[in-house]
Amino acid sequence: MKNIAMKLETVKWDNGSVVIIDQTRLPGCLRFLRCRTAGQVREAIRTLQVRGAPAIGAAAGLGLVLGIGRREYRDFSAFEKKVDEICAYLCSARPTAVNLAWALERVRRVMTRNQARPVGLIRKLMLAEALEIIREDKQNCRAMAGHAQAAVKKNARILTYCNAGMLATIDYGTALGVIYRAQELKKNVTVYACETRPLLQGARLTCWELRRKRVNVTLICDNMAGYLMQQKKIDLVIIGADRIAANGDTANKIGSYTLAVLARFHRIPLYVTAPRSTFDLRLKTGRQIPVEQRDAAEVRSLWFKRPMAAEGVKIYNPAFDIIPAGLISGIVTETGIITPPYTKNIRSRMTA
Ligand code: MRU
34 MKNIAMKLET
44 VKWDNGSVVI
54 IDQTRLPGCL
64 RFLRCRTAGQ
74 VREAIRTLQV
84 RGAPAIGAAA
94 GLGLVLGIGR
104 REYRDFSAFE
114 KKVDEICAYL
124 CSARPTAVNL
134 AWALERVRRV
144 MTRNQARPVG
154 LIRKLMLAEA
164 LEIIREDKQN
174 CRAMAGHAQA
184 AVKKNARILT
194 YCNAGMLATI
204 DYGTALGVIY
214 RAQELKKNVT
224 VYACETRPLL
234 QGARLTCWEL
244 RRKRVNVTLI
254 CDNMAGYLMQ
264 QKKIDLVIIG
274 ADRIAANGDT
284 ANKIGSYTLA
294 VLARFHRIPL
304 YVTAPRSTFD
314 LRLKTGRQIP
324 VEQRDAAEVR
334 SLWFKRPMAA
344 EGVKIYNPAF
354 DIIPAGLISG
364 IVTETGIITP
374 PYTKNIRSRM
384 TA
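Residue numbers (this note's numbering): 34 to 385.
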């Protein structure tokens, strides 16, 4: 494999624009997309050019700053109105990953706290906050990776799903960060990556970035996971999350629930890795998490030269499912691993 281990960041602010790795081009081609407007950022989020809960949040925070622009505002209330419009517009790009709303709200709060100051200064402070989200993401991923090592034994064979790596964050990853850290600690881990239909984030993105970091990875089709578990080839399942309710129910890429049921049946521990910004304590249970429905073309024909389903067939394409908390062995956050009873332990961890 060619050495392409240069330092990459999934989302960054560069000279007044937001530069993202265009994930729809991977693994064939590493291309960067420069967004100069909030509209371009929204489109990049909607079409999954930037994806993964923390990365979406980071892009949206910067997208808000782009939307504000450098123009003059009549007064604070005109400015506030514009900010609220952009927040609603960006937030509507994808409904499940709560990091999107969380980042926008966090940057918006800077405006509220500083309303007595000139708009030009507020904008600067909002940009600083959006950049702080990026800085914290890097730190949080490394902290999660460290805490999770308690669950990763030497020679562990780890199954992962979708992409919860550097491409889903800024530069390290949540679930894949755990694997990178294990590798740094010379634990000799091996990884099975599920391809993750329909958009193949596992095949296209996880395998690309694990190979780039020289992790021993084997790609499997999603429906092979149970067979591997039955053959005792998996010691541990590690995945990311898009939204975690107050009781620990976890939304993640469609197919995660199936894996969690399989893992429980085979007595294999399953860990969710997510920063505290992925928790949504307003929701009591996973039943309240909005599940994004996506275009039928993603199942029928996208990524294929010819359609892979009969013309006109009805297609159901929910992008996420919900893992009941009872199937999760632990939730790894930047401040430590949360174990059951989740409602109580999540509340205390979040207020700590
Ligand atoms: O539709 P995607 O590719 O944005 O879905 C991403 C996932 O489901 C990830 O597992 C999740 O966002 C966690 S990323 C650290």
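Backbone N, C-alpha and C define an ideal beta-carbon position, used for all residues, glycine too.
None of the values given here were measured: they were computed from a predicted structure.
Practice prompt. Check whether the Cβ atoms of T366 and P308 lie closer than 9 Å to each other.
Written response: yes
Worksheet entry | 8 Å CB neighbourhood of L218 in its chain, flanking five on each side removed | Q182
Worksheet entry | Counterpart residues of F353 in DSSP-defined beta bridges | K286
Discussion item. With distance defined between alpha-carbon atoms, name the residue in K286, P373, A343 and L335 nearest to I355.
Written reply: K286
Worksheet item: From K115 to L99, what does the alpha carbon distance come to, in whole angstroms?
Response: 12 Å
Worksheet item: Hey, R276 and D313 are a contact pair by Cβ (cut 8 Å); roughly how many whole angstroms apart?
Response: 5 Å
Practice prompt. Please report the residue range of the alpha helix (DSSP H) in which N173 lies.
Written response: V152 to A181
Worksheet item: Ends of the beta strand (DSSP E) at F65?
Response: F65 to C68
Worksheet item: Taking only runs of the alpha helix (DSSP H) that begin and end inside the segment 86-120, which ones reach a length of at least 4 residues, in chain order?
Response: 86-101
Discussion item. Please classify R127 as buried or exposed, where buried requires at least 16 other C-beta atoms within 10 Å of its C-beta.
Written reply: buried
Worksheet item: Taking 8 Å as the cut-off, does the CB of N196 come closer than this to any heavy atom belonging to the ligand MRU?
Response: yes
Practice prompt. Quickly, what does DSSP pair F312 with across the bridge? List them, please.
Written response: I277
Worksheet item: Does the ligand MRU have a heavy atom nearer than 8 Å to the CB of A307?
Response: yes
Worksheet item: Are the segment 193-206 and the segment 234-253 touching by the rule of at least three beta carbon pairs closer than 8 Å?
Response: yes
Worksheet item: According to DSSP, what are the bridge partners of Q326?
Response: P351
Worksheet entry | K35 in three-state terms, based on DSSP | Below a pLDDT of 50, predicted positions are generally treated as unreliable, and K35, at 42, falls in that range; the measurement from the model is reported next regardless. Coil, per DSSP.
Worksheet item: Is DSSP giving N188 helix, strand or coil here?
Response: coil
Fill in: Sequence-distant residues of its chain with Cβ nearer than 7 Å to K187 (five each side left out)
K220 and N221
Practice prompt. Report the three-state DSSP secondary structure of S50 (helix, strand or coil).
Written response: strand
Worksheet item: So the alpha helix (DSSP H) A77 belongs to, where does it begin and stop?
Response: A71 to R79
Fill in: Reduced DSSP category for N221 - H, G, I as helix; E, B as strand; rest coil
coil
Worksheet item: Going by C-alpha distance, which of N280, G288 and L238 is nearest G259?
Response: G288
Worksheet item: Where V152 and E169 are concerned, what is the direct C-alpha to C-alpha distance, given to the nearest angstrom?
Response: 25 Å
Discussion item. What does the Cβ neighbour count give for G319, buried or exposed, with the cut at 16 atoms within 10 Å?
Written reply: buried
Worksheet entry | Three-state secondary structure (DSSP) of Y205 | coil
Worksheet item: Cβ of Q234 versus every heavy atom of the ligand MRU: is any distance shorter than 8 Å?
Response: yes
Fill in: L360 vs V294 beta-carbon contact at 9 Å
yes
Item to complete: Would you list the one or two residues that DSSP bridges to N249?
Response: T223
Practice prompt. Can you say whether Q234 is buried or exposed, counting buried as having 16 or more other CB atoms within 10 angstroms of its CB?
Written response: buried
Worksheet item: Among all the DSSP beta bridges, which residues are the ones paired with A44?
Response: Correcting the residue identity first, residue 44 is Val in this sequence and not Ala. DSSP, once it has assigned bridges, lists I53 as partnering V44.
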